[in-house]
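In mature numbering (1 follows the signal peptide of the UniProt record, and there is no 0), the protein residues as written are -24 to -1, 1 to 248. Structure first, commentary second.
See the structure below:
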């Protein structure tokens, strides 16, 4: 009987060790164990960005006289977005142009005097040099006046404005953000193991947190390096908008807007 008890105890211990070893074995990380796991179930955080966007900053110090478009308003390429009080730069331009005209006159006189041998070489060369100097100064003032208004580089929408009319801004101070509304991208950070199956042209699905809207995404760029600490890689995809999809700012826009900065989850679409 004692031998039977001993044998039973040994069997129980062996079974416990087997179960413990099985539970202690590390489970494969979700999405990293196989291509099928990546393709079928795994989701990763993602953010919507505009394909064309810009943060416009002031190229000159001065007082803002007008901001033509407010947050969320649409504009066309070439529209004036910001205007400055430009009275002083314009006055400087008039002075520079007058100085350039006077320099041209002195240069003409110097050429005539040279024919008569009535001007020294030094005075002649100085008159010629002054023409170039005055022309350069006038050009510089003309460029400065050109900065008195900021025009839209593309058609789009104002994301956010940071200044108001009549405020004084310094050179380099941010004024507003703009973005183009007909093309959006999705950025996601994926584990480097995804490169086993992920390629340019791979199909993903984006589900937005804010609205629940679902969009197909086509991978367009994969970062050229892997983060050595997290072993992750940045992936960018083009968001495919339905033909009749309306973005915020459209007349009669749909109840589900699409805006830069929205976040969601991307997942591998089932194979076609």
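All C-beta atoms, glycine included, are put in the ideal place defined by N, C-alpha and C.
Counting only residues of its own chain and dropping the five nearest sequence neighbours on each side, residue 207 has a CB closer than 6 Å to the CB of 168. With three or more CB-CB distances shorter than 8 Å, the stretch 125 to 141 counts as touching the stretch 50 to 61. In the structure shown, the three-state DSSP call for residue 119 is helix. Residues of the same chain with a CB within less than 6 Å of the CB of residue 199, apart from the 5 flanking positions on each side, are 209, 210 in chain order.
In this structure residue 31 is exposed. Its beta-carbon is surrounded by fewer than 16 other beta-carbon atoms within 10 angstroms.
A straight line joining the alpha-carbon of residue 147 with that of residue 25 spans about 27 Å.
By the criterion of at least three beta-carbon pairs nearer than 8 Å, the stretch 39 to 49 is not in contact with the stretch 77 to 90. Taking each of 109, 49, 64, 195 in turn and checking the Cα distance to residue 160, the smallest one comes out for 195. Across the set 27, 240, 61, the C-alpha of 61 shows the shortest separation from the C-alpha of residue 144.
Shown here, residue 197 sits in a strand according to DSSP, grouped into three states. Counting C-beta pairs closer than 8 Å gives three or more between the stretch 178 to 186 and the stretch 232 to 241, which meets the contact rule.
For residue 100, the secondary structure class from DSSP, reduced to helix, strand or coil, is helix. Measuring C-alpha to C-alpha distances from residue 214 to each of 94, 18, 28 identifies 28 as the nearest. When secondary structure is reduced to three states using DSSP, residue 169 falls in the helix class. Residue pairing of residue 26 in beta bridges, as defined by DSSP: 160. Between the alpha carbons of residue 34 and residue 150 lies a gap of roughly 6 Å. Bounds of the beta strand (DSSP E) holding residue 132 are 132 to 137.
In this structure, 66 is the residue among 66, 50, 22, 197 with its C-alpha nearest to the C-alpha of residue 123.
In this structure, the CA atom of residue 106 is about 8 Å from the CA atom of residue 76.
Residues of the same chain with a CB within less than 6 Å of the CB of residue 72, apart from the 5 flanking positions on each side, are 113, 114, 117 in chain order. Within its own chain, the residues whose Cβ lies closer than 6 Å to the Cβ of residue 89, once the five positions on either side in sequence are excluded, are 95, listed in chain order.
Note on residue 108: under 16 other CB atoms within 10 angstroms of its CB, so exposed under the neighbour-count rule.
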